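>
Numbering (the working numbering), first residue to last: 702 to 1624.
(1) Suppose you measure from the CA of residue 1386 to the CA of residue 1396; what does that come to, to the nearest Å?
(2) What residues in its chain sit with their C-beta under 6 Å from that of residue 1331, if we drop five residues either side in the sequence?
(3) Determine the direct distance from the alpha carbon of residue 1390 to that of residue 787, and round the result to whole angstroms.
(4) Could you pull the DSSP bridge partners for residue 1292 from this structure?
(5) Our contact map puts residue 1191 next to residue 1201 with C-beta atoms below 8 Å; I'd like the distance itself, whole angstroms only.
(6) Give me whichever residues DSSP pairs with residue 873 in a beta bridge.
(7) Helix, strand or coil for residue 721 per DSSP?
(8) Which partner residues of residue 1603 appear in the DSSP bridge assignment?
(9) Can residue 1470 and residue 1419 be called in contact, C-beta distance under 8 Å?
(10) Helix, strand or coil for residue 1064? Go by DSSP, reduced to three states.
(11) Judging by CA-CA distance, which residue of 1370, 1304, 1407 is the nearest neighbour of residue 1394?
(12) Take residue 1275 and list the residues in its own chain whose beta-carbon comes closer than 7 Å to its own, dropping the five residues that flank it on each side.
(13) Please confirm whether any heavy atom of the ligand FMN lies closer than 7 Å to the CB of residue 1451.
(14) Note down the Cα distance separating residue 1525 from residue 1613, rounded to an integer number of angstroms.
(15) For residue 1536 versus residue 1453, is the C-beta distance shorter than 8 Å?
(16) Taking just the CA atoms, how far does residue 1184 sit from residue 1158?
(17) If you measure between the beta carbons of residue 1340 and residue 1363, is that distance less than 8 Å?
(18) Give every residue of the same chain whose Cβ lies closer than 7 Å to the Cβ of residue 1073, excluding the five residues on either side of it in the sequence, and list them in chain order.
(19) Let's see if you can read the secondary structure: which residues bound the beta strand (DSSP E) around residue 894?
(20) Identify which residue in 1333, 1327, 839 has its Cα closest to the Cα of residue 1313.
(21) Are the Cβ atoms of residue 916 and residue 1111 separated by less than 8 Å?
(22) Is DSSP giving residue 1048 helix, strand or coil here?
(23) Ignore the nearest five residues each way along the sequence and tell me which others in residue 643's own chain have a CB closer than 6 Å to its CB.
(24) Quick one: using the 10 Å Cβ neighbour count with 16 as the cut-off for buried, is residue 1126 buried or exposed?
(25) Taking the alpha-carbon positions, what's the residue 1022 to residue 784 distance?
(26) Can you tell me whether residue 1161 is helix, strand or coil according to DSSP?
(27) Between the alpha carbons of residue 987 and residue 789, how many angstroms are there, rounded?
(28) Only counting runs of 4 or more residues, tell me where the alpha helix (DSSP H) segments fall wholly within the region 942-1014, in order along the chain.
(29) Taking DSSP as the reference, what is the three-state secondary structure of residue 1622?
(30) Could you have a look at residue 1377 and say whether DSSP puts it in helix, strand or coil?
(31) Between residue 1472 and the rest of its own chain, which residues show a CB-CB distance below 6 Å, the 5 nearest in sequence each way excluded?
(32) Roughly how many whole angstroms lie between the Cα atoms of residue 1214 and residue 1018?
(33) With distances taken Cα to Cα, identify the nearest neighbour of residue 1488 among 957, 901, 813, 927.
(34) Could you have a look at residue 1127 and say whether DSSP puts it in helix, strand or coil?
(35) Below 8 Å between beta carbons: does that hold for residue 837 and residue 740?
(36) Is residue 1086 helix, strand or coil when you go by DSSP?
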């Protein structure tokens, strides 16, 4: 058939009809393709030019201008820009230039961090790029998934990621994991049956959707939609309708900036009116009022916020968390509840067989994950707890439990999975459950390759939801033609096929059905997933494999019980979160019994507590007004759909929680956007989930979330320390100028000297607090209340105390220097150095807001010591270098003045220490 333009195709490349409702031949005609030879390469080039690349539209992160513009979206930056404009208007060009330089530094820091975050995400994206097997002009090729076009014929097998939306044209025993799209945890069996047009996406068995995973079988399909026109792309567009909430930090900074701006304007207004009332020229008073405002504005705060957050981003990256938005660094430290997936986050995401049950006994299996390292432990070791016996070996000279050997062989032979080593890790191709059975067989000494060399597979019956088992038939490679049938599947269904059970010698005996059922229930109660295995010997003349003819003819060989083991650090991380007052909730699509078992293993629950678990079905029956209370009480949510995740987050937020939510599937994206902190999985997460999230975990580990919470709390601590340190200076500068205006006296410090103090100390001293290490007990405090202000009343009192000491000390020192014969320039120089000396001594006190300075490790923050050294050198230059004297109107001072400056600084430090002690004692 010749290639032609797909009929009925939209400009974006999506044909109009519902493809699941069309026969294969109509889909072929619609797309001008061929089910045998595919498209012609020339036609592929033409369609690629017409429809574009098979890629999801990347979110509009904005170009350079957009990224730079976002850095100005800060209330304090608005105040600084307004101050610079007014200062320039009054011809204070030097002062205006300094203020604009501060804004520029803050902008560049934020811009660079955003560029780095985008680069990290692009690196993650490049790690998951895949190739697709296609047929073009009758030749099988491997091409990048981005190069697929509508009408391409794509070939798929177990382990392949579906690269686009496909209409199946042929298949064999195909099962597909569609959990990333639908939330359904079990693989879906596929077929080619034409379906009604109204069939929902989750039930379209003749379609394959982009981003899903083939777990078993093979197939071929025609590409019917690419890129943004796929079902995955549709959800990608929909998540744009959910606007992320402002972070606690941005809300608090906005409130703080509004209050601070009002206070500064009020002070400036009072100064202006008081001066005019005293008969001073209005122009001079306006200039003085602007100088007061510039002095009172903490110019270094925006830069300090940005630098502190950026340092937090870097620290989190070292702990395997990629942060996409700067304010989220602090938000993760504010969370009051973490809603986390079970699989891969609390667990290893590696199914592992833990127990083997046969009619002859029960065996334990050591080792975790897909590594072949491990042994099978005999029953005596399990039951008695006595001296460990040698591991079971199923080789020719080992312990011979024939039922166990055939149980392992059945699990390995009736299997489409594969396990291979890639570097230091073992990777699975196909269904994880089948991979676990394959690994268990290897631990027992079974060589599947040797068995298949003698009895290759001749036929199979794929697992389907209706059949509830898989069967394979193996024929001898020798002329006698004897063989075996192996079955694995749901315990109840396999028992229906069995007429007997195997004993330890390999003989058959009557089936003890109830004993098997009891054993299966006991294993399931322990949170294990249980599958039964059976076998049947075939004579030479046996015909084709027919599932209906297996009833009552199979011999039960045993049960294999497996689970996804909890991560080693999960329990300690959950405990750390609980000590920190952060609630942890598990959300999973798995069965509630399995979820509760894992929850108990990681310390989330103490077993089956009333109200501890809710299923998705139960959530649907809870009225909206009672849902928040029910969600608050429960810890485990099982059989939950992605849509219900969104409701859970909204219910928690309605109770005032700052909620973090993890997710990896496409349909998790709305919940990730709704959460205060959306966390996606870097290894197993879909691109849609990553783009919707705020943080991407590169190791998919819950322990990384706990580490991020810890880093976030430290970031907030350091921000508050900076504010508590810088605000007294700004307040004191404004009050000193206000007092001079009201008194009609000489200014103790000039506007240019104020800018010197603010700019040099903010960079050399204040920013060094961003490097302050975590304080002891950081993760034993309760979370900060979302409505709690940045500064508590106790810290506000401390700010006012230090500010008052600075104002009083400055006026006393300025007056004293004039009294002992110093010039005005020398007196002002002493006042400037007093401000800096108090800031240095107060800086060491601010390293902890509660502990005395002498109990803090002196070399715990070497950056701070470096900053003090640089600031000291700057003050010496300001005081004694002639050029600096000319620029900043300073003059050299003597040793006696320095002694008075240092004495006042020590007095201020002593006052802060007394304040801390009184606070600790409850005053």
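By construction, the Cβ of each residue, glycine as well, lies at the ideal position given by its N, Cα and C atoms. Only a predicted model underlies this, so the values are computations on that prediction, with no experimental measurement involved.
In this structure, then:
(1) A straight line joining the alpha-carbon of residue 1386 with that of residue 1396 spans about 12 Å.
(2) Excluding positions up to five away in sequence, the list reads 1323.
(3) It is roughly 46 Å from the alpha-carbon of residue 787 to the alpha-carbon of residue 1390.
(4) Bridge partners of residue 1292: none, in fact.
(5) About 19 Å; that fails the 8 Å criterion.
(6) Bridge pairing for residue 873: 919 [DSSP].
(7) Residue state, collapsed to three classes: helix.
(8) According to DSSP, residue 1603 bridges with nothing at all.
(9) By the CB criterion at 8 Å, residue 1470 and residue 1419 fall inside the cutoff.
(10) Residue state, collapsed to three classes: strand.
(11) That would be 1370, whose Cα lies nearest to the Cα of residue 1394.
(12) Taken in chain order, the residues that qualify are 1285, 1303, 1304, 1305.
(13) The ligand FMN is not among the ligands present in this structure, which contains no ligands whatsoever.
(14) Separation of residue 1525 and residue 1613 (C-alpha to C-alpha, rounded to the nearest whole angstrom) is 30 Å.
(15) For residue 1536 and residue 1453, no; Cβs fall outside 8 Å.
(16) Spanning the two alpha carbons is a distance of roughly 10 Å.
(17) Cβ atoms of residue 1340 and residue 1363: not closer than 8 Å.
(18) Counting only residues of its own chain and dropping the five nearest sequence neighbours on each side, residue 1073 has a CB closer than 7 Å to the CB of 1140, 1143, 1144.
(19) That residue, residue 894, is in no beta strand (DSSP E); it is neither H nor E in DSSP.
(20) It is 1333.
(21) Against a cut-off of 8 Å, the Cβ pair of residue 1111 and residue 916 comes out as no contact.
(22) Three-state DSSP puts residue 1048 in a strand.
(23) Not covered by the structure: residue 643. The range shown for the chain is 702 to 1624.
(24) Residue 1126 counts as exposed, since fewer than 16 other C-beta atoms from the protein chains shown sit within 10 angstroms of its C-beta.
(25) Their backbone Cα atoms lie some 38 Å apart in a straight line.
(26) Under the three-state reduction of DSSP output, residue 1161 falls in the strand class.
(27) Residue 987 and residue 789: Cα-Cα distance of roughly 13 Å.
(28) With a minimum length of 4 residues, the continuous alpha helix (DSSP H) runs that stay inside the region 942-1014 are 949-978, 983-997.
(29) In this structure, residue 1622 counts as coil in the three-state DSSP scheme.
(30) Here residue 1377 sits in coil by DSSP.
(31) Residues of the same chain with a CB within less than 6 Å of the CB of residue 1472, apart from the 5 flanking positions on each side, are 1562, 1564 in chain order.
(32) If you take the alpha carbons of residue 1214 and residue 1018, they lie about 55 Å apart.
(33) A check of alpha carbon separations from residue 1488 across 957, 901, 813, 927 identifies 957 as the nearest.
(34) Correct three-state label for residue 1127: strand.
(35) Pairing residue 837 with residue 740 gives a Cβ-Cβ distance under 8 Å.
(36) Unreliable placement is indicated for residue 1086, whose pLDDT of 36 sits below 50; no coordinate value is reported for it.
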